[in-house]
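This is the structure in structure tokens:
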């Protein structure tokens, strides 16, 4: 059933709002995937904070105007599923990558991060980007490492002194 002009405008506005707030996007061809599997993909995406949209490419191009995903517009062909990361850079890529392992029919076409469009070969690399919590954990560990090393070094000097005095005491007692 064809969409009316008002419905098309609503779809464009909805996708444009999602695209304006997203960190990254993945476009994948979903031809040949059944409804049950797509429903499972949508459930997995919802759990990970990923928004999935299936829209006509012409409407997606209009929705991307003025967003960081505008560079994807000229490379969009065929029936595409758009996955938008709303919580961290790699969440959409992780969902699509994990799902495509089980379902070979889901074929990645484009990956966009920060306004730069990559080919499908970069999907795995983007999917391995740390989540926000993991990135904060790495940052805190890096910031904490010099202080920890300083404390360990400062503890080593008195510890060595105590062990030396104890060794001298043991030597004198034995003599």
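Numbering (our numbering), first residue to last: -16 to 158.
All C-beta atoms, glycine included, are put in the ideal place defined by N, C-alpha and C.
Bear in mind the structure is a predicted one, so any value in this text is a computation, not a measurement.
Other residues of its chain near residue i: CB distance less than 7 Å, five sequence neighbours each side excluded
i           : result
residue 137 : none
residue 116 : none
residue 80  : 106, 107 and 110
residue 141 : none
residue 58  : 93 and 100
residue 121 : 113
Nearest candidate by alpha-carbon position, reference residue i, set the options
i           : options              : result
residue 62  : 10, 52 and 73        : 10
residue 75  : 29, 147, 119 and 60  : 29
residue 96  : -14, -3 and 4        : 4
residue 118 : 86, 72 and 148       : 72
residue 89  : 13, -14 and 77       : 13
residue -7  : 46, 120, 16 and 18   : 46
residue -4  : 22, 16, 145 and 44   : 44
residue 34  : 151, 104, 78 and 155 : 78
residue 85  : 20, 154 and 121      : 20
residue 48  : 60, 98 and 17        : 98
residue 60  : 146, 39 and 66       : 39
residue 37  : 65, -11, 150 and 26  : 65
Below-8 Å beta-carbon distance, residue i vs any chain D residue
i          : result
residue 55 : No chain D appears in the structure shown, which is made up of a single protein chain.
Cβ neighbours of residue i in the same chain (closer than 6 Å, five flanking residues each side left out)
i          : result
residue 24 : 82
residue 70 : 32
residue 27 : 78
Close-in-space but distant-in-sequence residues of the same chain around residue i (CB under 8 Å, 5 per side omitted)
i           : result
residue 50  : -1, 2 and 3
residue 15  : 88
residue 42  : -9, -6, -5 and -2
residue -14 : -6
Nearest-angstrom beta carbon gap, residue j and residue i [assumed within contact, 8 Å]
i          : j         : result
residue 54 : residue 7 : About 13 Å separates the two Cβ atoms, so there is no contact after all.
Q | Secondary structure, beta strand (DSSP E): runs of 3+ residues fully inside the stretch 2 to 53 | A | With a minimum length of 3 residues, the continuous beta strand (DSSP E) runs that stay inside the stretch 2 to 53 are 7 to 12 and 33 to 37.
Q. Which runs of the beta strand (DSSP E) spanning at least 3 residues fall entirely within the stretch 49 to 122, listed in chain order?
A. For the stretch 49 to 122, whole beta strand (DSSP E) runs of length 3 or above, ordered along the chain, are 63 to 68, 90 to 96 and 99 to 101.
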